[in-house]
Amino acid sequence: MSVLYNVDDHVATVIIDRPEVLNAVDMPTESELLRIWADIEQRDDVRVVVLGATGERAFCAGADLKNTSNLKGVEYWGASRPGGFGGIALRETLDVPVIARVNGLALGGGLEMVLGCDIAVACEEASFGLPEPLVGRLPLDGGMVLLQRQIGFRHAMGMMLTGQRVGAARAAEIGLINEVVPRAELDNAVNRWVQQMLACAPLSLKAIKQVVRRTGTLTPLQAHGQRLPALMAALRSEDADEGVRAFQQKRKPQWQGR
Numbered sequence: 000m001s002v003l004y005n006v007d008d009h010v011a012t013v014i015i016d017r018p019e020v021l022n023a024v025d026m027p028t029e030s031e032l033l034r035i036w037a038d039i040e041q042r043d044d045v046r047v048v049v050l051g052a053t054g055e056r057a058f059c060a061g062a063d064l065k066n067t068s069n070l071k072g073v074e075y076w077g078a079s080r081p082g083g084f085g086g087i088a089l090r091e092t093l094d095v096p097v098i099a100r101v102n103g104l105a106l107g108g109g110l111e112m113v114l115g116c117d118i119a120v121a122c123e124e125a126s127f128g129l130p131e132p133l134v135g136r137l138p139l140d141g142g143m144v145l146l147q148r149q150i151g152f153r154h155a156m157g158m159m160l161t162g163q164r165v166g167a168a169r170a171a172e173i174g175l176i177n178e179v180v181p182r183a184e185l186d187n188a189v190n191r192w193v194q195q196m197l198a199c200a201p202l203s204l205k206a207i208k209q210v211v212r213r214t215g216t217l218t219p220l221q222a223h224g225q226r227l228p229a230l231m232a233a234l235r236s237e238d239a240d241e242g243v244r245a246f247q248q249k250r251k252p253q254w255q256g257r
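Numbering (numbering that gives the first Met the number 0), first residue to last: 0 to 257.
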């Protein structure tokens with residue numbers, strides 16, 4: 000199995016397990032990732048997802064060029080690739096928040112998967128880049144359209160037009176990731192983010208993510224007027240009442256996710 004998948008105490012952990020090839024994604028791995036994302040979307044018990052990889056060298060070095068499809072160029076671009084690279088880069092149907100645990104290189108599709116996550120925490124040795132132009136390719140599966148939307152234009156173009164990598168500290172400076180920590184503290188840092196999210200009402204988090212992800216191209220007024228499903232579910236939820244009661248009673252809320 001090239002992807003390790005586990006759900007425990009409302010947290011889904013998805014780990015790419017191909018350290019011998021820097022966790023590069025081949026077609027069977029991508030198929031497994033697609034299956035996992037679809038499973039998470041159907042579950043009511045998952046409130047946070049952590050996406051990571053095994054080893055200490057790489058989060059993901061992108062597509063496994065030794066084991067790719069026969070599609071080239073325009074054919075590859077035109078082929079159906081649900082959700083972008085790894086099924087997550089451009090995914091619009093996963094409303095549960097996803098944290099990227101970046102333990103090393105995040106290149107090409109690896110960076111595209113980070114861009115598809117909501118929070119990114121990296122160790123100091125991590126680096127990020129879209130090197131596709133250096134090998135005559137393009138960051139087709141999310142990179143070109145996401146990077147420019149998540150960091151400043153000059154920073155995005157500087158990375159894409161040179162294929163250069165940026166280190167973790169620089170990535171944090173330009174807003175590409177949320178936090179940089181020593182490698183020994185990476186799991187603790189990720190868990191801190193997880194616990195902070197679990198302290199929030201799960202339907203509120205889904206609503207926030209759905210609104211942010213689906214209204215980014217609208218004006219603020221247009222976005223404000225959207226009656227998206229997750230938003231309406233959160234507003235009508237039992238948890239909305241529980242949150243107020245818990246505040247009044249000076250206790251921690253007991254979220255039910257309904």
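All C-beta atoms, glycine included, are put in the ideal place defined by N, C-alpha and C.
Model, not experiment: these values are computed from the prediction.
Residue environment, residue i, which counts as buried when at least 16 other CB atoms sit within 10 Å
i, result
"residue 215", "exposed"
"residue 5", "exposed"
"residue 238", "buried"
"residue 151", "exposed"
"residue 138", "buried"
"residue 160", "exposed"
"residue 211", "exposed"
"residue 220", "exposed"
"residue 17", "buried"
"residue 158", "buried"
"residue 60", "buried"
"residue 123", "exposed"
"residue 168", "exposed"
Three-state secondary structure assigned by DSSP to residue i
i, result
"residue 190", "helix"
"residue 110", "helix"
"residue 222", "helix"
"residue 178", "strand"
"residue 250", "coil"
"residue 15", "strand"
"residue 50", "strand"
"residue 42", "coil"
"residue 35", "helix"
"residue 57", "strand"
"residue 86", "helix"
"residue 245", "helix"
"residue 69", "Residue placement at residue 69 cannot be trusted, given a pLDDT of 49 that sits under 50; the coordinates are not used to answer."
"residue 119", "strand"
"residue 173", "coil"
"residue 142", "helix"
C-beta contact flag for residue i and residue j at 9 Å
i, j, result
"residue 31", "residue 182", "no"
"residue 15", "residue 58", "yes"
"residue 141", "residue 89", "yes"
"residue 117", "residue 208", "yes"
"residue 232", "residue 206", "yes"
"residue 39", "residue 95", "yes"
"residue 81", "residue 145", "no"
"residue 170", "residue 126", "yes"
"residue 204", "residue 46", "yes"
"residue 44", "residue 256", "yes"
"residue 98", "residue 24", "no"
"residue 91", "residue 213", "yes"
"residue 115", "residue 162", "no"
Reference residue i; option with closest CA among the options
i, options, result
"residue 188", "115, 22, 120", "120"
"residue 53", "246, 1, 168", "1"
"residue 185", "236, 100, 157, 111", "100"
"residue 136", "163, 85, 107", "107"
"residue 200", "162, 253, 21, 213", "253"
"residue 11", "28, 22, 37", "37"
"residue 13", "48, 167, 242", "48"
"residue 84", "98, 111, 103, 44", "111"
"residue 42", "8, 18, 217", "8"
"residue 251", "223, 217, 236, 195", "195"
"residue 50", "248, 102, 218, 255", "102"
"residue 21", "98, 3, 27, 109", "109"
"residue 164", "105, 143, 148", "105"
"residue 240", "202, 167, 143", "202"
**Message:** Does the structure place the segment 171-178 close enough to the segment 50-67 that three or more beta carbon pairs sit under 8 Å?
**Reply:** no
**Message:** Contact between the segment 222-235 and the segment 125-140 is defined here as three or more beta-carbon pairs at a separation below 8 Å; is this criterion met?
**Reply:** no
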